[in-house]
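So the structure is just underneath, and the comments pick up after that.
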Amino acid sequence: MTVLSCRNLTKAYVLGEQVTPVLHDVSLAIRANEFVAVMGPSGSGKSTLLHCLGLLEPIDQGELSVLGEQTAALSDRAKARMRRSHMGFVFQSFYLVPGLSVRENILLPLFINRIRLDRDARVDRMLDQVGLSHRAAYRPNQLSGGEQQRCALARALIGHPDLLFLDEPTGNLDSQNGADILRLVSEAVRSSHVTAIMVTHDLAAARCCDRIITIRDGRIERISSNRQAAVKEVPDDDT
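Our numbering puts the first residue of the sequence shown at 9, with every later residue one more than the last.
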């Protein structure tokens, strides 16, 4: 079953009279319980695509369907409600709340969505799942980078989202901590029926996924299964 799809999605950024095209006629479909990687050089549009699919940024043209619902007619409030109820997000920079403990950061989505039933038990299970039970009372600045990202992942998963969006989740981590994050995401996809879409530069990370979508210059260059993935890493280009 397709849970996320777009057709001829187009996106540009406008600053004054300057228009910068970013995505051009992008079409794709992502099935339930898939783990999909989006790869491409810097500036190729992969993070913008993730933000559009996650309803963080509006699209300019084309169609976008999320969980069977066309998003064109949705108000900003309805999009926010869909994000809160059905999506989780993990970013390279963690975005943990500095003044809250690990436990409180993970609890935050349940508090925002006014979920009270079994709340403490859910947080306890999530802390155990990501190996942070012994750090529950710590503040983010007392954690290592890997621990902060595990906390961010736990926060994204605590609400049992249908869709998990990850933007360079291993970008600030060493290889072991990066592997731990990928293992946790893969386990969530297998056991919790989550569909995960991950932007990454790391081919080793992409190889953990079911499919790899390669973007170049705002267009889909190819979509390959894990077995067909290119063995050469997509080069980085910061121009």
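The beta carbon of each residue, even a glycine, is placed where N, CA and C say it ideally should be.
Using a 10 angstroms sphere on the CB of V22, the tally of other CB atoms stays under 16, which defines it as exposed. It is roughly 15 Å from the alpha-carbon of K87 to the alpha-carbon of L172. For M9, the three-state secondary structure derived from DSSP is coil.
In terms of Cβ geometry, E229 and T208 do not form a close pair [threshold 9 Å]. Around the beta carbon of T222, 16 or more other beta carbons sit within 10 angstroms, so the residue counts as buried. Short of 6 Å from the beta carbon of G153, and not among the five residues preceding or following it, lie these beta carbons of its own chain, in chain order: N180, L181. Taking L174 as the centre and dropping the five residues before and after it, the same chain places the C-beta of V98, M206 closer than 6 Å to its C-beta, in chain order. The alpha-carbon separation between D170 and N149 amounts to approximately 30 Å. Secondary structure at E71: strand, using DSSP grouped into helix, strand and coil.
DSSP places R215 in no alpha helix (DSSP H); its state is neither H nor E. Under the DSSP assignment, S101 falls outside any alpha helix (DSSP H); it carries neither an H nor an E label. For S233, the three-state secondary structure derived from DSSP is strand. CA-to-CA, the gap between R133 and G53 works out to about 36 Å. Annotation: A187 is outside any beta strand (DSSP E); the continuous alpha helix (DSSP H) that includes it extends over 183-200. Between I166 and E25, the alpha-carbon positions lie close to 43 Å from each other. In the assembly as shown, N121 is an exposed residue. Its beta-carbon has fewer than 16 other beta-carbons within 10 Å. Collapsing the DSSP output to three states places H32 in a strand.
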